[in-house]
Structures are given as structure tokens and as C-alpha cells.
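Sequential numbering from 1389 applies to the sequence shown in our numbering.
Just below is one structure, and these are the notes that go with it.
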Amino acid sequence: MTNGFDPKQKKAGDLIQSADWNAAMDEIDRLGKTLQDIKQKATSFHGPLTIEDALKVKGNVGIGTDNPTAKLEVKGNLKLEFGEAVNEFSSDITLADNSNQAVPTELAVKTYVDKQVQGLQESFTSKKLEVSQSLKLGNGVEVAQFSNTISPSRDSSLVVVPTEQAIITYIKSTLEKFGLVSEIFFDLGNGVILEMQPIKAGSFLMGSPDNEFGRDADEGPQHQVNVPAFWMGKYQVTQQQWQAVASYKQVDRSLNAEPSKFKGESLPVEQVSWYEAKEFCARVNQKLEGQL
């Protein structure tokens, strides 16, 4: 910006004419006055501005605003050399705008992530994980089903994983079928054990023949009775076992937890009715359902 001054390049040894010298001095005076006016009067600057070193500013700097409220306030988009132009530093902890022009604060990101993680933890601890098709972990085969039974007739093309109870039930039923189970121990609770033995299925003839001497009428007619396999206690029921079962959920009737006259945890229960014994068995069956 020379305002009519036309400087010419000089080499060492060239003469400087008085007209050139006077013109240079006039330009220096003009520039000095211009700088003085800028310091005293100027509120804005027009034209490109290049700053090679650090820029130190007292007070706030505004770009696109005359009244900045922060050290640097930009009204409009901010774009670096690469990437997106951004127009906001956001403190929204929900990231609801889902915008490529907003930069969330550190606290906003942390709060958002913490809430998402908390939601996942609650989902896995209080809800079920349902998979509509097959399930495959990092290694191994795809699983089509978790089953509570083991069925040899099931489609062999499906990969089915039996539950723990299904395995126990299948092994036990197979051993029973071949008569390989001699006895089993059931925990009634608090370390109280009930030892039982399997009784094989069988049949017998009930009643007396018509021509039997001294036969009463209510002893006939003779007929075949089929009894399915069942479990029977190996020993008499102790008072400790009775008390454990008496605390189970009632099936048909209440049970006196201490019916015996002769007290002792290891002594047998000697004073119970047929109905009470039936209730005892019903409660055991209900408690051990799937194990017997």
C-alpha cells in the first residue's frame, strides 16, 4: 500500500536521485502517521493478516462477533486443516443431536458411556438374553438349542446342548434301566441326608384263588398288579429327616415337626399316621422333582 510511491530496486553503487529520496521520505512520514492513526482510532482491520510469531492479546478475541465473552469466541463454523467444520462444543450428556458438527465435552462423553455401560449391565443381570437363531461363541460349533431333555431320536443335524439336569436325569435313567444303580443320597437341606434305593418295576398276583380252603369273599377276584419303579428309603425315617421335610411347602395337610415320644435326631419317627406318612412322601417328591 504505497499511495503513489513507486519504489525502484537499487543495486550497490547506484545513484539515488533527490526526487527518489524525497519521495521515500514522504512515504515514511505517511506510514508513520497511518500507524499512529491505527493505534488511536482503528477498531477494525481489513485485508489479509499474516502473523509469523506468537500473537498476544489482552482481553477477549471475537471472530464474527463484536462482543466476545471468552478468550476466543467464534460465531460460525470452526474448521481446521483437515476434517469436518464444527459449530459447537456440546455438554449434552445424551448426545441427542447425533451431529457431525458438534464436539462433546469430556464430561459429556464420560457420562454418556457410563450410562450405556450401566444399561448393558442391568440388561445382563436382570433380563434374559434371547437369540432367535443359532448361537456361536468365539470358537466351536453353532448351537441350535439348549435342552432340558436328552432324546436319542432328535434330528442329528441339530447341535443341541443338554442342561445339567438333563445330563443327570439321562444318566440316572440309563443306569436304572440296566439295574446299575444301587443307592442314591438326597440332601434334604442343612446337611440332612436321605439315603434311598431304587425298586425295580414288577408285577404280582393279588388275591386268593376261588377254590382256596377258608377263602373269604373279599380276597378275590385274583388279578395281576403292575408296580412301576420307585425309590424307597434305605432306613427308617429319622426325626432329623422328618423335621427337614416338615419345613417344606405343604401339599395336602400340615405336619407336626416333632411327633415322636422318644426324642433324638437319629431316632426313628414312631408316632405318625398313614396320612402323615403320605404327606411326607408327597413333599419329598415335590422337593426332589426331576431328581427322582
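For glycine and all other residues, C-beta sits at the position ideal for the given N, C-alpha and C.
Who are the near neighbours of residue i in its chain, counting only those whose CB is closer than 8 Å to its CB and skipping five residues on each side?
i	result
Gln1489	Asn1465, Glu1472, Ala1473, Val1474, Asn1475 and Glu1476
Asp1402	none
Ala1412	Phe1393 and Pro1395
Met1594	Gln1610, His1611, Gln1612 and Val1613
Asn1448	Pro1456, Thr1457, Ala1458, Lys1459, Leu1460 and Glu1461
Could you tell me the distance, in whole angstroms, from the CA atom of residue i to the CA atom of residue j?
i	j	result
Glu1440	Ala1484	41 Å
Asp1576	Ser1642	Residue identity check: residue 1576 is Leu in the sequence provided, not Asp. C-alpha separation (whole angstroms): 18 Å.
Pro1492	Val1501	12 Å
Asp1606	Pro1597	11 Å
Arg1418	Lys1463	36 Å
Glu1646	Lys1622	22 Å
Ile1481	Val1531	39 Å
Val1529	Glu1571	37 Å
Glu1653	Gln1627	5 Å
Asp1408	Asp1414	10 Å
Asp1454	Leu1495	30 Å
Gly1420	Lys1498	55 Å
Beta-carbon within less than 7 Å of residue i's beta-carbon, same chain only, minus the 5 sequence neighbours each way: which residues are those?
i	result
Phe1592	Val1613
Ala1670	Val1639 and Asp1640
Whole-angstrom Cβ separation of residue i and residue j, contact assumed at under 8 Å?
i	j	result
Lys1382	Gln1659	There is simply no residue 1382 to check, as the chain begins at 1389 and stops at 1680 in what is shown.
Val1549	Phe1534	5 Å
Val1615	Gly1590	6 Å
Enumerate in chain order the residues of its own chain whose CB-to-CB distance from residue i is below 6 Å, with the five nearest sequence positions on each side excluded.
i	result
Phe1573	Ile1581 and Glu1583
Val1625	Val1657
Got a sec, what are the start and stop residues for the alpha helix (DSSP H) residue i sits in?
i	result
Glu1664	Trp1662 to Lys1675
Specify, as a first and last residue, the run of the beta strand (DSSP E) that residue i falls within.
i	result
Val1633	Not the beta strand (DSSP E): Val1633 falls in the alpha helix (DSSP H), residues Gln1627 to Ala1634.
Ala1490	Ala1490 to Pro1492
Leu1576	Ile1572 to Gly1577
Leu1582	Val1580 to Ile1587
Pro1550	Val1548 to Pro1550
Val1449	Val1449 to Ile1451
Using beta carbons (cut-off 8 Å, strictly below), is residue i in contact with chain C?
i	result
Asn1486	Reference to chain C is not applicable here, since this structure consists of a single protein chain.
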